[in-house]
Every structure is written in C-alpha cells, then in structure tokens.
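In the numbering used here, the protein residues as written are 2 to 262.
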C-alpha cells in the first residue's frame with residue numbers, strides 16, 4: 002500500500018512540474034460566450050445538495066458528494082431521465098447559441114486575444130518549480146469564495162439546529178416531568194383501587210358466612226354470587242316488617258358482625 006501511495010505521489014509530482022522555460026498561465030475565460038450546459042448529474046446535484054446538507058448538518062464535503070453519487074446511481078430511471086432530458090435540451094440550447102455567437106465580432110475578438118495570450122513566453126532565468134506556482138488564480142479564488150459561502154451557511158444551520166435542540170430539550174424535560182407525575186398518580190390510584198377491591202371482597206365474604214344460614218322469606222339463601230342482591234332484599238323485608246322474626250334475626254347477626262379494618 003505504501004509503495005502504491007509513493008508511486009502515485011511521485012507520478013503526481015512529475016505531472017505537476019511545468020515544462021522548463023515556460024510560465025504557467027491561468028485559463029482564459031470568454032465572458033461573452035453562452036452559458037455552458039449542465040449535465041443531468043449536475044442538475045441532480047443542484048436539486049439535492051442543500052436538502053441532503055440540511056438533513057445531515059455535520060456531513061463533510063467529501064461524504065456529501067459520496068451520498069449524492071449513491072443517490073444518483075440508485076435513482077429510478079424515470080426520475081433520472083427527467084434530468085437527462087433537461088440536460089439534452091440545455092445542450093441543444095448551448096449549441097444553437099454558440100453557433101450564433103461564433104458569427105459575432107465579440108467571438109472573433111476573443112479568439113484573436115486568446116491566440117496572443119497563449120503564445121508561450123520563453124525564459125532562461127529560472128527553472129520553475131511546481132511549489133512556486135501561484136495559487137491565487139481566478140478559479141482558485143472563485144472556489145474559495147464558494148466554499149466560504151457554504152461554510153457560512155453551515156455555521157448558520159448549526160446555530161439554528163442548536164437553538165432548536167435547546168427548545169426541544171426543554172420540551173422533552175417538561176414532558177418527562179409530566180409523565181413522572183402521572184406515573185406516581187396512577188400508581189397511587191391503582192393501590193387505592195386494589196385496597197378497595199380487597200376490602201369489598203372481605204366484606205362480601207363476611208356477610209356470606211354470617212347470613213348463609215338465614216334464608217330470605219322467599220327461600221333464597223346468601224351466596225358469594227348473589228350476596229348484594231340478597232342484602233338488598235333483606236333490607237326491604239326488614240323495612241316492611243320490622244317486628245318479624247326475620248327482622249329480629251337480621252338485627253342480631255348485624256350486631257355481632259366484626260367488620261374488616
């Protein structure tokens with residue numbers, strides 16, 4: 002692996018060394034020429050770049066390009082064809098505009114100026130080393146300007162997300178407190194319900210055991226299934242005939258009951 006890296010590095014060094022006796026020139030750009038067409042892939046990048054960066058604010062520039070390349074590769078053909086068709090229309094537009102532009106004086110003037118500027122200038126004063134090549138070319142500065150704009154947007158996005166996260170954290174903390182309070186209240190109510198249910202079962206068992214031997218005047222006997230109905234009817238007989246032997250027996254049983262705590 003190290004040998005491959007060294008080989009690539011050495012090859013890059015050889016290819017980056019300008020020919021002896023020639024000065025490095027920055028590319029000449031025709032400002033009057035028609036706008037260059039965009040490929041389908043670059044149209045897709047322009048559509049998706051900001052969205053992917055917004056969804057992944059911490060993504061690096063290299064990883065962003067990898068994600069976009071993967072999305073383009075996996076994009077369904079009908080969707081991909083829309084970008085390719087738009088690119089083809091843009092290419093035809095460029096060819097037509099450039100064909101017309103070639104007939105203008107601006108194009109002829111640019112070509113003449115370009116030939117003059119591209120004439121190599123020989124020098125024997127100094128051998129140019131690739132480390133001495135000026136980096137402040139128009140393309141380099143434009144690239145830096147673009148990157149600085151992206152960084153400013155990223156910083157702004159980070160600040161916005163941090164503020165949103167702070168607000169969400171407060172909301173989450175409030176929700177946690179409410180959930181904790183409701184959990185405690187629910188546990189207390191559940192304990193109360195269980196206590197009341199247990200007390201009711203004990204009371205029903207006490208009544209069944211004491212009134213099982215006393216049938217109602219209608220002949221019904223007290224059981225665990227009908228104890229509530231039995232006591233309701235017994236109360237009715239007691240009110241209707243307070244001096245009957247049944248009423249006397251009921252009063253006697255009730256006076257001896259030992260209610261559960």
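Ideal Cβ positions, reconstructed from N, Cα and C, are used throughout, including at glycine. A quick note: this is a predicted structure, and the numbers were derived from the prediction, not measured.
Where the alpha helix (DSSP H) through residue i begins and ends
i           : result
residue 47  : 41-56
residue 93  : 78-102
residue 63  : 62-75
residue 248 : 246-257
8 Å contact criterion, which residue i and residue j should meet: CB distance rounded
i           : j           : result
residue 261 : residue 205 : With a Cβ gap of about 10 Å, residue 261 and residue 205 do not count as contacting.
residue 69  : residue 41  : Not really, about 13 Å apart at Cβ, beyond 8 Å.
residue 247 : residue 231 : Their Cβ separation, rounded to whole angstroms, is 13 Å, which puts residue 247 and residue 231 out of contact at 8 Å.
residue 234 : residue 207 : Wrong, their Cβ atoms sit about 18 Å apart, outside the cutoff.
residue 91  : residue 35  : At roughly 11 Å, the Cβ-Cβ gap does not stay under 8 Å, so residue 91 and residue 35 are not in contact.
residue 215 : residue 250 : 6 Å
residue 58  : residue 155 : 7 Å
residue 49  : residue 72  : 6 Å
DSSP three-state assignment for residue i, whether helix, strand or coil
i           : result
residue 233 : helix
residue 238 : helix
residue 227 : coil
residue 217 : coil
residue 105 : coil
residue 34  : coil
residue 166 : helix
residue 59  : coil
residue 115 : helix
residue 243 : coil
residue 222 : coil
Residue nearest to residue i in terms of C-alpha spacing, selected from the options
i           : options              : result
residue 43  : 81, 57, 55 and 222   : 81
residue 159 : 50, 49 and 54        : 54
residue 83  : 192, 182 and 45      : 45
residue 56  : 145, 30, 161 and 146 : 161
residue 95  : 115, 33 and 52       : 33
residue 257 : 210, 227 and 237     : 210
residue 148 : 63, 253 and 52       : 63
residue 114 : 103, 236 and 31      : 31
residue 88  : 47, 178, 184 and 195 : 47
Any chain C beta carbon closer than 8 Å to residue i
i          : result
residue 35 : Note that chain C does not occur in the displayed structure, where there is just one protein chain.
Any 3 or more C-beta pairs closer than 8 Å across the region 94-105 and the region 62-79
no
Is it a yes or a no for the region 220-228 touching the region 240-256, going by three-plus beta-carbon pairs under 8 Å?
no
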